[in-house]
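**Student:** For any residue, its number in the working numbering is found by taking its place in the first sequence, counting from 1, and adding 1110.
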Amino acid sequence: MQEFTEVVLDIISSIPRGKVVTYGQVAAYADSPRSSRQVSRILHSMSESYNLPWHRVINKQGKISLTGQAGHAQKVLLEREGVVFKNNKINLSIYQWKIGENE
DNA sequence: CTGCTGACGGTTC
DNA sequence: GGAACCGCCAGCA
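Right, here's the structure in full:
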């Protein structure tokens, strides 16, 4: 068992292309189901310097939490990976990745 | 060390 | 069905 941050980063870097995960999923897998906020915090902090697919992390609403430029960029990145946006939202039933299932 | 903040989630009203 | 509130816990000043 590593640090919360370590686990989160590991998960983010393990998200398969064309799939997405929610903050709650990552937090739960990192042994902190209530730390969904920290997930976003880590992403924002680490993804700037690391090559992390932060755009594959969204909220439970299937939407992008960010607004404006950043949110738009994330949408574009996901669409490039084959993710289809439904009314500016993602169908989690299809694109939500099961952590630990398979890469 | 203390306190505040926050890409959110779940529950309650 | 939707809005509001609380909880949670790692970073950072």
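Ideal Cβ placement from N, Cα and C applies to all residues, glycine included.
Going along the chain, which residues of its own chain have a beta-carbon closer than 8 Å to the beta-carbon of Leu1119, five neighbours each way excluded?
**Tutor:** Ile1152, Met1156, Tyr1160, Leu1162
**Student:** Assign Lys1208 to one of three DSSP states: helix, strand, or coil.
**Tutor:** In the structure shown, Lys1208 sits in coil (DSSP, three-state: anything other than H, G, I, E or B).
**Student:** Classify Ile1125 as helix, strand or coil using the three-state DSSP reduction.
**Tutor:** coil
**Student:** Could you name the residues that DSSP lists as bridge partners for Ile1168?
**Tutor:** Thr1132
**Student:** Quick one, are the C-beta atoms of Gly1134 and Pro1126 less than 9 Å apart?
**Tutor:** no
**Student:** By Cβ distance below 7 Å, which residues in the same chain neighbour Lys1185 in space, the five residues on each side in sequence not counted?
**Tutor:** Ile1174, Phe1195
**Student:** Mapping DSSP to helix, strand and coil, what is Lys1185?
**Tutor:** Residue state, collapsed to three classes: helix.
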